[in-house]
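Novice: Dropping a structure here in structure tokens format, bear with me for questions.
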Amino acid sequence: MLSIRTLLVLSGLFHCCIPGLALNYDRFLCQYPTSDPLEGCPPNTLLVGPSSQANFTSIQSAVLSIPNDTTPYTILILPGNYSEQINVTRVGPLTLLGQTLEPTSRAQNAVAVYWAAVAGTGDNAYTSTLTIAPTLNASLTGSGPDGNPVPAGTPFGNTDFRIYNIDFVNDYAPYSDGPSLAVSVSYANTGFYYCGFYSYQDTVYIGKLGNAYFYESEVAGQTDFFYGFGTAWVQSSLVTLRGCGGGITAWKGTNTTFENKYGVYIHDSVVMKANSSLEIEGQCALGRPWNSQMRAIFANNYLDDSIRPSGYIPWESDTSRIDFNTTMAEYGDFGPGFNLTGRIEGNITLLMTEEEYEPYDRVEKVFQFPFNGTYGNVAWIDFAPSRP
Ligand SMILES: *[C@@H]1O[C@H](CO)[C@@H](O)[C@H](O)[C@H]1NC(C)=O
Ligand SMILES: *[C@@H]1O[C@H](CO)[C@@H](O)[C@H](O)[C@H]1NC(C)=O
Ligand SMILES: *[C@@H]1O[C@H](CO)[C@@H](O)[C@H](O)[C@H]1NC(C)=O
Ligand SMILES: *[C@@H]1O[C@H](CO)[C@@H](O)[C@H](O)[C@H]1NC(C)=O
Ligand SMILES: *[C@@H]1O[C@H](CO)[C@@H](O)[C@H](O)[C@H]1NC(C)=O
Ligand SMILES: *[C@@H]1O[C@H](CO)[C@@H](O)[C@H](O)[C@H]1NC(C)=O
Ligand SMILES: *[C@@H]1O[C@H](CO)[C@@H](O)[C@H](O)[C@H]1NC(C)=O
Ligand SMILES: *[C@@H]1O[C@H](CO)[C@@H](O)[C@H](O)[C@H]1NC(C)=O
Ligand SMILES: *[C@@H]1O[C@H](CO)[C@@H](O)[C@H](O)[C@H]1NC(C)=O
Ligand SMILES: *[C@@H]1O[C@H](CO)[C@@H](O)[C@H](O)[C@H]1NC(C)=O
Ligand SMILES: *[C@@H]1O[C@H](CO)[C@@H](O)[C@H](O)[C@H]1NC(C)=O
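Read in order, the letters of the sequence shown are residues -22 to -1, 1 to 366 in mature numbering (1 follows the signal peptide of the UniProt record, and there is no 0).
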């Protein structure tokens, strides 16, 4: 006796499965516009959209309706521009899907979330378009070398949060005018596939115990636009320069009782200016040390001519923040922005040998379980998002 699922697989209708997630469903069918928008979606899928057939008209109201338990939930969002801030505190798996004709192409995204805020005298956390963190305290940036002291005993938040085909914009100002976050992740595991994140300053914040994986996504900014304390891996994506300020990356390391590899890792991606009218040749820095334990590695990326010859830079001209614990590195980068003479003369960018790079060459080697330093916390990553 064949199960319904086996029949569907045999008939080719069920092209199956988001790996790792305890849900067998056809993401492409769920995201594809059909007369019943929820066709192909897993159980516990909520529909957000402007029309009366939807369960909710805002994404945040759908998020708030979901219980804080370990049952997987999905939110399917109909095309539109949503103007709201989204905060996710729940622990259980949650996937946000943008409805689209092309679930493997960011360029065709039809769902965008807009917010406009700048930090001013308040914490950066309040500005973000999207936040995934169990508590406000876990998401606060704070100040000083180790930032906001998250209260001891704060539990880890979402263990498996994913988004496909949605753009997030913080359009407070069309230039760097203070921290304006598009996404903020703390005490949570998060994966972003075919997404876009657009701001000018501090676009992406991966805070304490934040784990974030970006795949075929775009991150655009001008100043320190990947920053944080946690672990971020950017794979096969587009890093768009909308000007040069600070560095592309600015990270703070943390002293832990176990070894950690907190840092930002940008792999097999393209780093280039937003358009040809920007005159920034040789001006943008790969990064600068937010504290002296900064760790950033750009590996196997194409760099356009916007990148400055030295690669990385000191924090400020009178405050270098560079010591033997600072890792500002590259491995295998190429393109007009990779100036070998400039890198060597600058004496600030570590050009890693194969041996130095090896401990960082796969996601399994950098993403850790919270609180104990064990590597291999990757069950929340979709390694085959383009599989039909
Ligand atoms: C959401 O709407 C669908 C119909 O579009 C309905 O079948 C489903 O029960 C609704 N879910 C909730 C939680 O209201
Ligand atoms: C959600 O549940 C977890 C685990 O039970 C708990 O630690 C946490 O405080 C809850 N979060 C919220 C926002 O209620
Ligand atoms: C959303 O906004 C963009 C740019 O402002 C616009 O091109 C697009 O048509 C809007 N989409 C919808 C569904 O309104
Ligand atoms: C999200 O959290 C921030 C920080 O606590 C808060 O300022 C904002 O109002 C929250 N937004 C929503 C929609 O809950
Ligand atoms: C944040 O943490 C501080 C220090 O532990 C505490 O005083 C404050 O009440 C916390 N705030 C919230 C909203 O829980
Ligand atoms: C080029 O990009 C910059 C930065 O995003 C923007 O301000 C400017 O309007 C863009 N110019 C054109 C011609 O698109
Ligand atoms: C880590 O510990 C060293 C040595 O005690 C100290 O100099 C440094 O400031 C600490 N870094 C952070 C981020 O706490
Ligand atoms: C350098 O890093 C090591 C290992 O994380 C740490 O024990 C030490 O305190 C750090 N020293 C400084 C000056 O940051
Ligand atoms: C490469 O860097 C060197 C040293 O800083 C500089 O003299 C040279 O002009 C740079 N080349 C290009 C193409 O930018
Ligand atoms: C800077 O120069 C010193 C002395 O030659 C060398 O030991 C060090 O590795 C260089 N640092 C970088 C990042 O190239
Ligand atoms: C670390 O925590 C994870 C998740 O809780 C667990 O699977 C792993 O076994 C722990 N490792 C150690 C050495 O305790």
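Each residue gets a CB set at the ideal place from its N, CA and C atoms; glycine is no exception. These numbers were taken from a predicted model, which means no experiment stands behind them.
1. On the criterion of 16 or more Cβ atoms from any shown chain inside 10 Å, does Y153 qualify as buried, or is it exposed?
2. Roughly how many angstroms lie between the CA atoms of L216 and V249, to the nearest whole one?
3. Is any heavy atom in ligand 4 found nearer than 8 Å to the beta carbon of T109?
4. For S295, which option in P267, F316, G313 and Q271 has the closest C-alpha, if you only look at C-alpha atoms?
5. Considering only residues of the region 110 to 154, which uninterrupted alpha helix (DSSP H) runs meet the minimum length of 4 residues and lie entirely inside it, listed in chain order?
6. From I326 to T218, what distance separates their C-alpha atoms?
7. Take C173 and list the residues in its own chain whose beta-carbon comes closer than 6 Å to its own, dropping the five residues that flank it on each side.
8. Is any non-hydrogen atom of ligand 8 found closer than 8 Å to the C-beta of Q271, if you look at the structure I gave you?
9. Put A90 into one of helix, strand or coil per three-state DSSP.
10. Nearest CA to the CA of L264: which residue from L328, A160 and G131?
11. Could you spell out the range, first to last residue, of the beta strand (DSSP E) harbouring Q213?
12. Mind the definition here: the region 18 to 37 touches the region 47 to 61 only if three or more C-beta pairs lie below 8 Å; say whether that holds.
13. For P(-4) and W358, I'd like the C-alpha separation in whole angstroms.
14. Mind pulling the beta strand (DSSP E) runs of 3 or more residues that sit fully within the region 170 to 204?
15. Determine the contact status of Y191 and T168, defining contact as a CB-CB distance below 9 Å.
16. DSSP three-state label for A103, please.
17. Considering only their Cβ atoms, is the gap separating A198 from Y176 smaller than 9 Å?
Specialist: To lay it out plainly:
1. Translated into the one-based positions of the sequence shown, residue 153 becomes position 175. With fewer than 16 other Cβ atoms within 10 Å, it is exposed.
2. Along the sequence shown, read from residue 1 onward, the residue named residue 216 stands at position 238. Along the sequence shown, read from residue 1 onward, the residue named residue 249 stands at position 271. If you take the alpha carbons of L216 and V249, they lie about 6 Å apart.
3. Working through the sequence shown from its first residue, we reach residue 109 at position 131. Yes.
4. In the sequence shown, the residue the question calls residue 295 occupies position 317. When only C-alpha atoms are compared, the closest one is P267.
5. Scanning the region 110 to 154 for uninterrupted alpha helix (DSSP H) segments of 4 residues or longer gives 114 to 117, listed from N- to C-terminal end.
6. Numbered from 1 along the sequence shown, position 348 holds the residue referred to as residue 326. Numbered from 1 along the sequence shown, position 240 holds the residue referred to as residue 218. Their backbone Cα atoms lie some 23 Å apart in a straight line.
7. Taking the sequence shown and counting its residues from 1, one reaches residue 173 at position 195. Apart from the 5 residues on each side of it in sequence, C173 sits with its Cβ closer than 6 Å to the Cβ of I141, I144 and S195 in its chain, given in chain order.
8. By 1-based counting over the sequence shown, the position of residue 271 is 293. Q271 has its Cβ nearer than 8 Å to a heavy atom of ligand 8.
9. Along the sequence shown, one-based indexing puts residue 90 at 112. The DSSP-derived three-state label of A90 is strand.
10. Locating residue 264 in the sequence shown gives position 286, where the first residue counts as 1. It is L328 whose Cα lies nearest to the Cα of L264.
11. For this step, residue 213 is matched to residue 235 along the sequence shown. First-last of the beta strand (DSSP E) with Q213: T209 to Q213.
12. Result yes; three or more Cβ-Cβ pairs closer than 8 Å.
13. As a first step, residue -4 must be located in the sequence shown, where it is residue number 19. As a first step, residue 358 must be located in the sequence shown, where it is residue number 380. Since pLDDT at P(-4) reaches only 46, below the 50 mark, its modelled position is unreliable, and no value is offered.
14. Given a length threshold of 3 residues, each whole run of the beta strand (DSSP E) inside the region 170 to 204 is given here in chain order: 174 to 176, 182 to 184, 188 to 193 and 196 to 201.
15. The sequence position of residue 191 within the sequence shown is 213, counting from 1. The sequence position of residue 168 within the sequence shown is 190, counting from 1. Judged by beta-carbon spacing, T168 lies within the 9 Å limit of Y191, meaning their Cβ atoms are closer than that value.
16. Sequence index remark: in the sequence shown, residue 103 carries index 125 (1-based). The DSSP-derived three-state label of A103 is helix.
17. Mapped onto the sequence shown, residue 176 falls at position 198. Mapped onto the sequence shown, residue 198 falls at position 220. Cβ atoms of Y176 and A198: closer than 9 Å.
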